[in-house]
Structure formats: structure tokens, C-alpha cells
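As C-alpha cells, the structure follows; a few thoughts come after it.
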Amino acid sequence: MKLLIIDDEKITREGIMNSVNWKSLHIQEVLQADDGVKGLSLAKMHRPEIILSDIRMPRMDGIIMAEKIHAILPNTCIIFMSGYSDKEYLKAAIKLKAIRYVEKPIDISEIEDAVKEAVKVIETVRHNKNSELFAHNETRRQLALAVLQKNQQDAGFLSSAQSSLQIDWEKQNYFTTFLLQFKAPVSEMDVSLFNDFTKQFSDYIASIHMHEFHAAKNDHVIVYHIYSSFMPEEAALLRLYNHVRDYFNLHCLFFIAPGFTVSGLEHIYESYNAAVILLQNSFFNEYNVVLTERNRQTDSTLLKDELSQFAEALSAKNADAARRYTDKLYESLKNSCGLLPSQVKDIYYKYLYQLEACMARNQLSPSDGMEASNFWDTVSACSTLHELDVLLKDALTHLFLQLSQAPEENHIIYMVKDFIRKNYASESLSVKEISEQVYLTTSYLCTHFKNETGKTINQYITEYRLEIAKQMLHDPRYKITDISSRVGYPDGNYFGKLFKKMTGLSPSEYREKVLE
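All letters in the sequence shown, in the order written, are residues 253 to 768 by the numbering used here.
Okay, here's the thing in C-alpha cells:
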């Protein structure tokens with residue numbers, strides 16, 4: 253607290269200053285003035301909670317000064333000091349509700365008692381004010397949640413809230429709801445960030461002749477209701493949303509989802525529902541934007557074709573083509589219509605699966621979090637399309653970085669793998685045929701391939717064929733019997749047994765798992 257001593261006698265001011273243990277009285281700052289004019293000026297500038305003032309002073313006496321100070325600081329406590337027993341001054345002091353009237357010569361203990369009393373009064377006023385403010389804010393919070401559902405509004409509570417908050421629902425009858433959704437839990441964020449915003453936002457909407465009440469819907473979403481006596485213009489509301497966005501922009505990740513303006517408290521739920529629906533589209537947007545309704549469309553057949561082309565680009569180790577397909581995927585889905593976030597995640601899962609398969613074929617290690625055993629969890633954890641796009645492109649960058657750093661493959665091994673890649677669908681593909689293509693004896697080629705890769709040529713052929721089969725099983729357009737023949741196994745039963753031996757699942761079980 254601050255205390256201001258006003259007395260034209262320097263010896264009195266300094267005597268009080270130096271004789272009292274101010275810290276023990278909860279006084280952090282003590283100011284001085286030598287007459288009423290200077291005292292009034294300092295009071296305006298520093299806003300002290302307690303004033304200790306003489307009455308008879310040059311230029312402006314203590315009574316007139318106190319009246320002027322009370323006009324601007326009504327809660328300031330005043331303690332008068334005087335060496336005169338003037339009844340008129342005493343009456344004026346009583347009228348001003350002075351805490352104490354201390355007679356001169358000054359008794360320091362009496363001053364200390366008077367200051368203690370003033371401190372107690374101020375703390376009581378503050379406590380009561382905080383209690384009233386808490387009750388006021390709690391009513392606003394309850395009201396903000398009570399109006400969200402149709403036919404669930406308690407008429408008695410609404411009437412009580414209207415009286416408590418002094419709101420005239422008949423005059424202030426236009427309402428607009430908007431949702432502020434944060435990526436991080438609000439409970440884990442800096443409290444001062446919200447306290448400062450609440451004050452700033454309240455001042456801002458007051459400046460445009462509007463009002464608000466709000467509440468936390470959950471630990472990620474705060475619902476705001478803006479109301480006014482006039483129909484707000486769209487441009488004014490957009491400026492308001494941008495004001496909110498600009499405040500939080502540097503501090504956290506969020507979305508702002510506005511509803512439409514309604515007339516009547518009983519229709520607020522309509523504005524709220526519109527905001528909720530809009531918020532569901534946040535998945536297709538980057539963070540820190542004001543969401544808007546847009547027309548979106550996409551061709552799901554085109555996406556399937558692009559997945560096949562993406563897989564071909566990976567097989568050909570064509571980084572530029574692969575990146576073009578990921579860019580096209582993002583742009584297509586960003587403007588998609590009718591796709592749920594779960595469906596979009598499934599599409600990205602399939603693209604990432606192609607990446608993982610490519611890494612396996614090239615014996616490369618996946619990036620952190622992208623091991624085959626848990627990358628679905630990584631995909632599921634993404635909250636927006638943008639995060640999925642970053643995930644896929646980071647994994648793609650990791651793949652081609654590893655490919656560029658991998659040692660040059662032995663030319664003979666490269667020719668063998670390339671021949672298998674081009675002829676895996678042939679039932680007659682054999683080690684003998686391959687050895688003839690590379691002009692080496694079968695025995696030498698088998699030994700050389702095993703030494704270089706750690707596996708036999710037949711093992712490599714089987715693994716490659718089954719990897720292609722897995723990719724095709726992701727596409728429900730292919731029948732399992734067709735897949736079998738397409739990867740070089742005309743006998744469907746043999747293919748099924750081999751597939752289960754290598755993967756632990758039958759082809760149909762595998763398809764059911766990846767498409768569920």
C-alpha cells in the first residue's frame with residue numbers, strides 16, 4: 253500500500269517518516285507534500301490508499317484537498333492531524349468519513365494505531381470487492397454455459413442473472429457466439445495470459461459499444477457470447493475476431509470459430525451450434541486463424557490413383573515426383589468435402605505405409621516415431637491436416653536423405669534387383685533366368701548376392717512379391733485371387749499359405765486389419 257503525508261511543517265513530516273516502522277504496517281511506499289495543492293497533485297499521480305494530512309495549510313487546506321481527492325479516489329482512507337480544536341473542522345472530517353482525527357503534538361503510537369485501522373478498513377473493502385467480483389464472474393460463467401442448449405434454459409436463473417448483472421435483455425438483444433479452441437490444455441497455460449486478455453478484451457468491446465460473457469467449456473475450449481443493442485456488422489465482428497487472434501498469436505496455437513448473430517437470448521444455442529460445426533472443420537486448417545465456411549470438393553478416385561503413382565515414384569527413387577504427389581495430396585484434401593478427419597488420417601497412413609515399405613526394401617532405418625509398429629499412433633496424434641502434411645514430408649525427406657547417403661550398391665546386385673522389380677509378376681522367374689541376364693554362373697551369383705545382401709535371391713524374390721501384395725491389399729478394388737496372380741503366384745492356396753507364414757496373417761485378415 254501507499255501512504256501520503258501532507259503537512260506544511262517539515263519537522264513534522266520527517267519526524268513521522270523516520271519514527272514509524274512502515275513495513276510492519278504493510279506500507280510499501282511513503283510520499284510527502286508540504287501543502288494541499290501538492291498533496292492533491294501527488295494523490296492524482298500515485299493514487300495512495302491512505303492519506304495522513306494536516307488540516308490548516310497554505311494555498312489549500314486539508315479539508316478542501318480531501319474533498320477533491322475523494323472525488324477521484326473514493327476508497328482512500330484519510331487521517332487528519334491538527335493542533336486546533338475547531339468544531340467546524342471536526343464536523344468536516346466526520347462528513348468525509350475520516351478514519352481518525354489525531355491531535356498535535358503528535359504521539360507516534362497514535363499515528364501507528366490510526367494507520368493500522370486504515371489498513372484494516374482497506375483490506376476489508378478489498379476482500380468484499382473481490383467477493384462481489386467473484387460472485388459476479390461466477391454468475392456470468394454459469395450464464396455462458398446455461399444458454400448453450402435448446403429448451404434447457406432455467407427461466408428463474410436467467411431472471412436472477414439479468415438482475416445481478418444489470419443486463420436489459422430486451423434492449424441488448426443481439427448475440428453472437430464464438431469459440432476459442434487451444435491446442436494445449438488451458439490449465440497448463442500461463443494464467444496471466446488470460447487475465448491480461450480478459451481485461452484488454454473487455455476494454456476493446458466496450459469501445460465498440462458491445463459486451464460479453466464467457467466460460468470454459470472444457471480444458472481446451474472457451475465459449476464467448478458477444479451481445480449488443482444493435483445488429484453488429486460483419487466487418488466489425490471480423491475486426492473483433494482478428495483482435496483476439498492478434499493477442500494470442502505469439503503465445504500459443506489456437507482456432508477461432510464464429511457462429512452467426514441471433515436475436516433473443518433463447519436463440520444463442522443456434523449461434524453456438526454453428527460455431528461448433530465450424531470448429532469441426534479446423535482439422536483442414538492451419539493453426540491461429542479465424543475459421544470460415546468454405547465449399548470443398550475432392551475426387552476420391554483421383555486420390556487412389558495418386559497413391560499408386562506415389563508408390564511408383566518411391567520405387568524409382570524419384571524425389572521430385574514423390575514431393576509433387578505429397579503437395580497435390582495436401583491441396584486436394586485441404587479443399588475436400590465430405591471426408592472426416594479419420595478418413596484423411598487413413599489416407600496419410602497409406603502414403604506413410606508406402607514410405608515404410610520403400611525403406612524396408614532398401615534396408616533403411618525409419619525416422620523417430622515412424623517405426624512400422626507405432627506410426628499409426630503418430631498419425632492418430634495429429635490434430636490438423638497441416639500436421640499430417642508435415643509428418644509425411646519429414647518422413648519423405650528422411651527417406652531420400654538416407655538414400656543419398658547410402659553406399660553405392662554393387663552393380664551386379666543392382667541389376668539383379670532391377671530385373672526382379674521388372675519381372676516379379678512372372679511365374680517362371682527363377683535364379684537360373686536371372687543368372688543368364690547378368691552373365692554369371694548360378695552358383696557364383698547366389699554366393700555373391702548372399703554375401704552382399706545377407707539373404708538368398710529366392711528370399712528376396714519372395715519378400716519383394718509379398719511387399720507388392722501388401723500394397724495391393726490396401727486397395728479394396730483388387731480381389732485376393734487377382735493379387736496372387738499379379739505377384740507371380742497363380743496358385744491362390746499356395747499364395748495364402750506363404751503370406752500367412754511370412755506375416756502371421758492370411759491375406760483376408762491382413763486386408764481387414766489395414767482397412768478397418
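For glycine and all other residues, C-beta sits at the position ideal for the given N, C-alpha and C.
Exercise. According to DSSP, is L255 helix, strand or coil?
Worked result: Counting from 1 along the sequence shown, the entry for residue 255 is found at position 3. It is a strand residue.
Problem set entry | Expected contact under 8 Å - CB spacing of Y603 and L581 to nearest Å | As a first step, residue 603 is located in the sequence shown; it is residue number 351 there, counting from the start. As a first step, residue 581 is located in the sequence shown; it is residue number 329 there, counting from the start. Confirmed, Cβ separation roughly 7 Å.
Exercise. Going by beta carbon distance, what residues of the same chain come within less than 6 Å of M309, once the five residues before and after it are set aside?
Worked result: Locating residue 309 in the sequence shown gives position 57, where the first residue counts as 1. Excluding positions up to five away in sequence, the list reads D260, D287 and G288.
For this session: Mind checking which residues open and close the beta strand (DSSP E) that includes Q401?
Result: The residue given as residue 401 occupies position 149 in the sequence shown. From DSSP, Q401 is part of no beta strand (DSSP E); its letter is neither H nor E.
Exercise. Once you ignore the five residues that flank I478 on each side, which residues in its own chain have a CB closer than 8 Å to its CB?
Worked result: To locate residue 478, count along the sequence shown from 1; it is residue 226. Same-chain partners within the cutoff: F427, T428, T429, F430, I457, M462, H463, E464, P484, L489 and L492.
Exercise. Where does F465 fall in DSSP's three states?
Worked result: Numbered from its first residue, the sequence shown carries residue 465 at position 213. The answer is strand: DSSP assigns F465 an E or B state.
Exercise. DSSP puts C698 in a beta bridge; with which residues?
Worked result: Residue mapping note: residue 698 aligns to position 446 of the sequence shown, counting from 1. DSSP, once it has assigned bridges, lists no residue as partnering C698.
For this session: Could you pull the start and end residues of the beta strand (DSSP E) that H477 belongs to?
Result: Reading the sequence shown from its first residue, position 225 is the one you call residue 477. That run of the beta strand (DSSP E) goes V473 to S480.
Problem set entry | Nearest neighbour of T391, chosen from T513, A467 and L644 [CA to CA] | Position 139 of the sequence shown, counted from the start, is the residue given in the question as residue 391. Of the candidates T513, A467 and L644, the one whose C-alpha sits nearest the C-alpha of T391 is A467.
For this session: Kindly indicate which three-state DSSP category T714 falls into: helix, strand or coil?
Result: What you label residue 714 is simply residue 462 of the sequence shown in a count that begins at 1. Looking at T714 - three-state DSSP - the assignment turns out to be helix.
Exercise. DSSP state of T682, grouped into three classes?
Worked result: Working through the sequence shown from its first residue, we reach residue 682 at position 430. Before going on, a small fix: residue 682 reads as Ser here, not Thr. Reduced to three states, the DSSP call for S682 is coil.
Exercise. Taking Cβ to Cβ, would you say D306 is nearer than 7 Å to M269?
Worked result: For this step, residue 306 is matched to residue 54 along the sequence shown. For this step, residue 269 is matched to residue 17 along the sequence shown. It is not a contact, given that the beta carbons lie outside the stated cut-off.
Problem set entry | Beta-carbon proximity of L651 to M611, cut-off 7 Å | For this step, residue 651 is matched to residue 399 along the sequence shown. For this step, residue 611 is matched to residue 359 along the sequence shown. Contact: yes.
Problem set entry | Close-in-space but distant-in-sequence residues of the same chain around F446 (CB under 8 Å, 5 per side omitted) | Residue 446 sits at position 194 when you count from the first residue of the sequence shown. V438, listed in sequence order.
Exercise. Quick one: what does DSSP say Q835 is sitting in, helix, strand or coil?
Worked result: It is not possible to answer for residue 835, since the shown part of the chain is limited to 253 through 768.
Exercise. L292 CB to nearest chain C CB: under 7 Å?
Worked result: The structure shown contains no chain C; it is built from a single protein chain.
For this session: Rounded to whole angstroms, what's the CA-CA distance from L432 to A574? Just pull it up for me.
Result: In the sequence shown, the residue the question calls residue 432 occupies position 180. In the sequence shown, the residue the question calls residue 574 occupies position 322. Cα to Cα, L432 sits roughly 37 Å from A574.
Problem set entry | Strand pairing of R763, partner residues [DSSP] | Sequence index remark: in the sequence shown, residue 763 carries index 511 (1-based). DSSP lists no partner for R763.
Exercise. Taking Cβ positions, are L607 and A565 nearer each other than 7 Å?
Worked result: Along the sequence shown, one-based indexing puts residue 607 at 355. Along the sequence shown, one-based indexing puts residue 565 at 313. No; because the gap between Cβ atoms is not below 7 Å, this pair is not in contact.
Exercise. Are P759 and I732 closer than 7 Å when you measure CB to CB?
Worked result: What you label residue 759 is simply residue 507 of the sequence shown in a count that begins at 1. What you label residue 732 is simply residue 480 of the sequence shown in a count that begins at 1. With respect to I732, P759 sits close: the two C-beta atoms are nearer than 7 Å.
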